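Here is the structure we will look at.
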Amino acid sequence: MRVQSWAISDVGRQRVANEDCHYVDTELGLLLVLDGMGGHRAGEVASKLAMETISAFYTAHAVNSRLGPEMFDDYDHRFTYHTNLLRQAVFIANRVVVEKSMSEEGLVGMGSTLTGLAVHEFTASLINVGDSRTYLIRNGTIEQISKDHTLAEDQVERGMMSREEARDSQLKHILSSVIGVDSRIRVHMDELVLSPGDMFLLCSDGLTAVMNDEETLTFIMSGPPGPGVLGRLIEEVNERGGPDNTTLVLTVLGNDREPTDETSESE
Amino acid sequence: MFKLILKFQDTVVEEREFEKTPVSIGRREDNDIVIDNMAVSGHHVVIEEEEPNYYVLVDLESLNGTFLNEKKVTRERLYDGDMLLVGKHILSFVDLRPEDQRPVRGQDDKGEQPVAAFRDTVILDTKAQQELLEKHAAEKGVSPDAAVEKPKKIELKGSITILSGGTPEIIELDKRLTTFGKSDEADVKCSGLLIGKTAALINKRPNGYFLAYAEGFKKPDVNGEAVTTQVQLHDGDLINIGSTRMTFNLKEEIS
């Protein structure tokens, strides 16, 4: 499907550095948002290193030079090659970041979340680790299609907590899976069939810390998809305190709604 | 006078009594309690005294933070029986003073539970997570064993049965995506003059199964209605893709 994409990243009002990063390749249809963490700018190192590793590995094997299933750590046959490839890229990035964090005192404990989308001819592969999210916006509704790896969400899965309790729980700030900290890592993957007009919003938790899903939807639908709506969303996040870095990648598929201009990025 | 019991993965590593404060905890050798683990900062946390009779823990802006009874804290009063999480280690705090000299949570500081610093994301490893979850379960009056046991989930299991225009067979829809069409790579080969290489896809989603049109002049139909984008499938639906006829069946399985 035809992919159009816009990205924006903002440091917010309370942080000195922006440790988020994003990757947009509309030709290949690969979109990533990462949120790094760790003191003294180590988070920046973690998210950038993970981003470079994942995009390079995926790009190398997505079209030409396909890998056999034996080249994967854990090939899941319920999913397509490309989704498995994306997860394998995350496994490799995890090892790379863990190794890097062992190499320097100042980088110990650094890590990064990830949410990513790979768009194919009729379908999309979805991947995520941690609490950066991907939303599907379809027919005027918004649906979170990533899965938060937080202790709160884990409690919900175990039936120990309701979704409402989880929303207010302190446990939602505790990540249960992240790239670069533990050799074992949980990666969520999913696949869906696309329809023309589908929109995806990839975001770091700077957005979700201050906006609920319906509020986000209202902003996204407030104008033609493009830098305008993303800029307004960032302004609102900052007016609500801008507690963290916020990165947004908005993608539109097919031709349902007319885009405002060419694919562009702003920082 | 108090005691700290240091535990790592269920094993007591160290048990120490302290008369005087401050008592420092960290990775470096010059701490009173040394925790040799990369998740712990050089000087991670210190325990001090506060008038009239409080012990207080102060996080020294550690990278991974300090947790008191599962909440991230920067400075907080300690009470007998409190549990601290420092990196991947658990420290139990035992107040050794006579009972009438110890403060009791709730009696003198409005009973406020420690409040986490706003939106400070932290990372826990698997073992520490489990400890926290079990503690949480215990507080809710559920036994830890029950907490580990997953709630019963109803899983939707879809399948299609090829009736005509192809090899008669039942195909379980276990994959997220099942492709239908003329292409050799299609999971289900369909025939028909005007259908696409990838004529249709069935997508397994958390809330059910959806059939979507992909490409080709002739669109798939469900119960006689042409599908132009996506429709949710229901048990017993009749699907036509080109000259291939099939039914969709849905059953619920409790796992």
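Read top to bottom, the protein sequences are chains A and B. The first sequence begins at 1 in this note's numbering and counts up one residue at a time. The second sequence begins at 1001 in this note's numbering and counts up one residue at a time. All residues carry an ideal CB built from backbone N, CA and C; glycine is no exception. Please read all numbers here as calculations on a predicted model, not as lab measurements.
What residues from chain A crowd round residue i, counting only those whose CB sits closer than 8 Å?
| i | result |
| --- | --- |
| residue 1230 of chain B | 193, 195 |
| residue 1210 of chain B | 193 |
| residue 1205 of chain B | 192 |
Taking the continuous alpha helix (DSSP H) assigned at residue i, which residues delimit it?
| i | result |
| --- | --- |
| residue 91 of chain A | 81 to 103 |
| residue 1245 of chain B | No alpha helix (DSSP H) holds residue 1245 of chain B; the beta strand (DSSP E) holding it covers 1244 to 1254. |
| residue 219 of chain A | 213 to 220 |
| residue 232 of chain A | 227 to 239 |
| residue 1266 of chain B | No statement about residue 1266 of chain B is possible, as the shown extent of chain B runs from 1001 to 1255 and does not include it. |
So what's residue i in DSSP terms, helix, strand or just coil?
| i | result |
| --- | --- |
| residue 16 of chain A | coil |
| residue 1232 of chain B | strand |
| residue 34 of chain A | strand |
| residue 61 of chain A | helix |
| residue 173 of chain A | helix |
| residue 208 of chain A | helix |
| residue 1179 of chain B | strand |
| residue 1172 of chain B | strand |
| residue 144 of chain A | strand |
| residue 1200 of chain B | strand |
| residue 1007 of chain B | strand |
| residue 1109 of chain B | Any reading at residue 1109 of chain B must be qualified, since the residue scores a pLDDT of 49, below 50, and its modelled position is unreliable; the value itself is stated next. In the structure shown, residue 1109 of chain B sits in coil (DSSP, three-state: anything other than H, G, I, E or B). |
| residue 48 of chain A | helix |
| residue 163 of chain A | helix |
| residue 107 of chain A | helix |
| residue 1001 of chain B | coil |
| residue 1030 of chain B | coil |
| residue 168 of chain A | helix |
| residue 1099 of chain B | helix |
| residue 70 of chain A | helix |
| residue 43 of chain A | helix |
| residue 124 of chain A | strand |
| residue 1226 of chain B | strand |
Can you pull the chain B residues whose beta carbon is under 7 Å from the beta carbon of residue i, in chain order?
| i | result |
| --- | --- |
| residue 38 of chain A | 1063 |
| residue 97 of chain A | Residues of chain B passing the Cβ test: none, with the nearest at roughly 12 Å. |
Could you tell me which of the options sits nearest to residue i, measuring between CA atoms?
| i | options | result |
| --- | --- | --- |
| residue 42 of chain A | B:1092, B:1063, B:1048 | B:1063 |
| residue 1028 of chain B | B:1022, B:1038, B:1066 | B:1038 |
| residue 1057 of chain B | B:1025, B:1034, B:1166 | B:1025 |
| residue 274 of chain A | A:85, A:119, A:141 | Given a span of 1 to 267 for chain A in the structure shown, any question on residue 274 of chain A remains unanswerable. |
| residue 1081 of chain B | B:1004, B:1208, B:1174 | B:1004 |
| residue 1090 of chain B | B:1104, B:1186, B:1070, B:1102 | B:1070 |
| residue 1006 of chain B | B:1055, B:1049, B:1085, B:1053 | B:1085 |
| residue 125 of chain A | A:225, A:151, A:30, A:215 | A:30 |
| residue 236 of chain A | A:12, A:4, A:3, A:7 | A:12 |
| residue 180 of chain A | A:134, A:58, A:101, A:2 | A:101 |
| residue 1249 of chain B | B:1196, B:1170, B:1229 | B:1170 |
| residue 233 of chain A | A:1, A:2, A:8 | A:8 |
| residue 1188 of chain B | B:1236, B:1049, B:1161 | B:1161 |
| residue 1224 of chain B | B:1242, B:1214, B:1017, B:1217 | B:1242 |
| residue 1252 of chain B | B:1153, B:1009, B:1228, B:1051 | B:1153 |
| residue 1002 of chain B | B:1077, B:1183, B:1096, B:1054 | B:1096 |
| residue 1163 of chain B | B:1020, B:1236, B:1048, B:1015 | B:1236 |
| residue 223 of chain A | A:246, A:210, A:189, A:140 | A:140 |
| residue 1051 of chain B | B:1102, B:1155, B:1239, B:1010 | B:1102 |
| residue 1053 of chain B | B:1099, B:1195, B:1068 | B:1099 |
Just to confirm the assignment, what range does the beta strand (DSSP E) spanning residue i have?
| i | result |
| --- | --- |
| residue 1048 of chain B | 1045 to 1050 |
| residue 1208 of chain B | 1208 to 1213 |
| residue 156 of chain A | From DSSP, residue 156 of chain A is part of no beta strand (DSSP E) but of the alpha helix (DSSP H) over 151 to 157. |
| residue 115 of chain A | 111 to 119 |
| residue 1155 of chain B | 1154 to 1164 |
| residue 191 of chain A | 188 to 193 |
| residue 1089 of chain B | 1089 to 1095 |
| residue 203 of chain A | 199 to 203 |
| residue 10 of chain A | 3 to 10 |
| residue 1038 of chain B | That residue, residue 1038 of chain B, is in no beta strand (DSSP E); it is neither H nor E in DSSP. |
| residue 1067 of chain B | 1066 to 1068 |
By the criterion of Cβ-Cβ separation under 9 Å, what are the contact partners of residue i in chain B?
| i | result |
| --- | --- |
| residue 200 of chain A | Here the premise fails: no neighbours, minimum Cβ distance about 15 Å. |
Starting from residue i, find everything on chain B with Cβ-Cβ shorter than 8 Å and list it in chain order.
| i | result |
| --- | --- |
| residue 122 of chain A | 1198, 1201, 1212, 1214, 1215 |
Show which residues of chain A have a CB atom less than 9 Å away from the CB atom of residue i.
| i | result |
| --- | --- |
| residue 1038 of chain B | 101, 102, 108, 109 |
| residue 1175 of chain B | 77, 78, 79, 80, 191 |
Which residues of chain A have a Cβ atom closer than 7 Å to the Cβ of residue i, listed in chain order?
| i | result |
| --- | --- |
| residue 1071 of chain B | 170 |
Counting only beta-carbon separations shorter than 8 Å, does residue i have a partner in chain C?
| i | result |
| --- | --- |
| residue 233 of chain A | Looking for chain C here will not work: the only protein chains present are A and B. |
With respect to 7 Å, is the separation between the Cβ of residue i and the closest non-hydrogen atom of the ligand SAM below this value?
| i | result |
| --- | --- |
| residue 1236 of chain B | Although the ligand SAM was asked about, the structure shown includes no ligands whatsoever. |
Taking Cβ-Cβ distances below 9 Å as the criterion, which residues of the stretch 57 to 91 of chain A are in contact with chain B? Within the stretch 57 to 91 of chain A, the qualifying residues are 77, 78, 79, 80, 83.
So if I threshold CB-CB distances at 8 Å, which residues from the stretch 125 to 149 of chain A count as touching chain B? If the cut-off is 8 Å between Cβ atoms, the stretch 125 to 149 of chain A has 131 near chain B.
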